[in-house]
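A.B. asks: I have a structure here, written as structure tokens, and I will follow up with some questions on it.
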Amino acid sequence: TQLLEQSPQFLSIQEGENLTVYCNSSSVFSSLQWYRQEPGEGPVLLVTVVTGGEVKKLKRLTFQFGDARKDSSLHITAAQPGDTGLYLCAGIILTGGGNKLTFGTGTQLKVEL
Amino acid sequence: DAMVIQNPRYQVTQFGKPVTLSCSQTLNHNVMYWYQQKSSQAPKLLFHYYDKDFNNEADTPDNFQSRRPNTSFCFLDIRSPGLGDAAMYLCATSRGLAGFNEQFFGPGTRLTVL
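If you read the sequences in order, they're chains A and B. The first sequence begins at 667 in the numbering used here and counts up one residue at a time. The second sequence begins at 950 in the numbering used here and counts up one residue at a time.
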């Protein structure tokens, strides 16, 4: 079983602050995805990182895939209340049965005015 | 808009009373997935269909079954719901299994077991 640990589990910050969420595993993944889930909704894909060391930016969000493809981070600059939600990393392993997502333990972010 | 639709959004059932959750998609994707997500936890894959081929996760209880009568629809049947089965059930689709196909999630059905 591939386990993805996210930290912190909960984060409550003020608008304008920066934050980093970490996603760590002892397993190597073919690629890694980050999702955001709002209350009462399904997860929505934010980004997929594929290459070890890859960095992708999505407006104020910066995603990095570790060199060994075992870990990833999500950095948010100048957080806004609209960033509030559950952030999930998900590792992908390509198997004979196809690509399977293993979700991380999740980080619940709350951004207050 | 192409999308993944789940009905109902909220379902209440009684302990031991069979219940069926529904998922439909307009994306014409080959793969449909069912996940269980308990409060404050990550989604956990129960099973998936690639076309008509059913793939069960090893740790999915026998109490959970699925049907996919056609490309567009997939059902989750819980034969005898227990209190521990109360959760959000998410349906997702992807174009294929190979590579890094994005999974598109529905809004989920929140199941309450009384």
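Ideal Cβ positions, reconstructed from N, Cα and C, are used throughout, including at glycine.
Does any CB atom of chain B fall closer than 9 Å to the CB of Phe769(A)?
C.D. replies: yes
A.B. asks: Listing by chain order, which chain A residues have their CB less than 8 Å from the CB of Gln990(B)?
C.D. replies: By Cβ distance, chain A contributes Thr771, Gly772.
A.B. asks: Can you grab the Cα-Cα spacing for the pair Leu724(A) / Gln955(B), in whole Å?
C.D. replies: 29 Å
A.B. asks: Taking the C-alpha atoms as reference points, what is the distance between Leu779(A) and Leu685(A)?
C.D. replies: 15 Å
A.B. asks: Out of Asn1012(B), Trp983(B), Ser1021(B), point me to the one whose CA is closest to Gly1031(B)'s CA.
C.D. replies: Asn1012(B)
A.B. asks: Counting only Cβ pairs nearer than 8 Å, list the residues of chain A close to Pro1056(B).
C.D. replies: Under the 8 Å cutoff, chain A gives Gly706, Glu707, Gly708.
A.B. asks: Cα-Cα, which of Gly708(A), Ser697(A), Leu752(A), Pro709(A) is closest to Pro674(A)?
C.D. replies: Leu752(A)
A.B. asks: Here's a check: name, in chain order, each residue in its chain whose Cβ is nearer than 6 Å to the Cβ of Arg1059(B), leaving out the five neighbours to either side.
C.D. replies: Tyr959, Met1037
A.B. asks: Between the alpha carbons of Val1062(B) and Ser696(A), how many angstroms are there, rounded?
C.D. replies: 38 Å
A.B. asks: Got a sec: which bits of the region 742-760 of chain A sit with their beta carbon under 7 Å from any beta carbon on chain B, in order along the chain?
C.D. replies: Result list: Leu754, Ile758.
A.B. asks: Whose C-alpha, out of Ser988(B), Asn977(B), Ala1035(B), Phe1024(B), is nearest the C-alpha of Gly965(B)?
C.D. replies: Ala1035(B)
A.B. asks: Pull up the DSSP beta-bridge partners for Ser971(B), would you.
C.D. replies: Asn956(B), Phe1024(B)
A.B. asks: In chain order, what residues of the same chain lie with their CB nearer than 7 Å to the CB of Ser692(A), ignoring the 5 residues before and after it?
C.D. replies: Lys736
A.B. asks: According to DSSP, is Leu1060(B) helix, strand or coil?
C.D. replies: DSSP places Leu1060(B) in strand when its eight states are reduced to three.
A.B. asks: Comparing C-alpha positions only, which one of Glu671(A), Thr743(A), Leu754(A) sits nearest to Leu712(A)?
C.D. replies: Considering only Glu671(A), Thr743(A), Leu754(A), the residue with the shortest C-alpha distance to Leu712(A) is Leu754(A).
A.B. asks: Looking at the secondary structure, which residues open and close the beta strand (DSSP E) in which Asp1002(B) lies?
C.D. replies: 1002-1005
A.B. asks: Hey, quick one: how far does the beta strand (DSSP E) through Arg1016(B) stretch, first residue to last?
C.D. replies: First-last of the beta strand (DSSP E) with Arg1016(B): 1013-1016.
A.B. asks: Below 9 Å between beta carbons is the criterion; list the residues of the region 1016-1041 of chain B that meet it against any residue of chain A, in chain order.
C.D. replies: Those residues of the region 1016-1041 of chain B that come within reach of chain A (Cβ to Cβ, closer than 9 Å) are Met1037, Leu1039, Cys1040, Ala1041.
A.B. asks: Could you work out which residues of chain B lie near Lys766(A), taking near to mean beta carbons separated by less than 8 Å?
C.D. replies: Those are Leu994, listed as they occur along chain B.
A.B. asks: From the beta carbon of Thr717(A), is the nearest beta carbon of chain B less than 9 Å away?
C.D. replies: At a cut-off of 9 Å between beta-carbon atoms, Thr717(A) makes no contact with chain B.
A.B. asks: Chain B beta carbons: is any one of them nearer than 9 Å to that of Gln699(A)?
C.D. replies: yes
A.B. asks: Just confirm the distance between the C-beta atoms of Glu671(A) and Asn690(A), as a whole number of angstroms; I'd bet it's less than 8 Å.
C.D. replies: 5 Å
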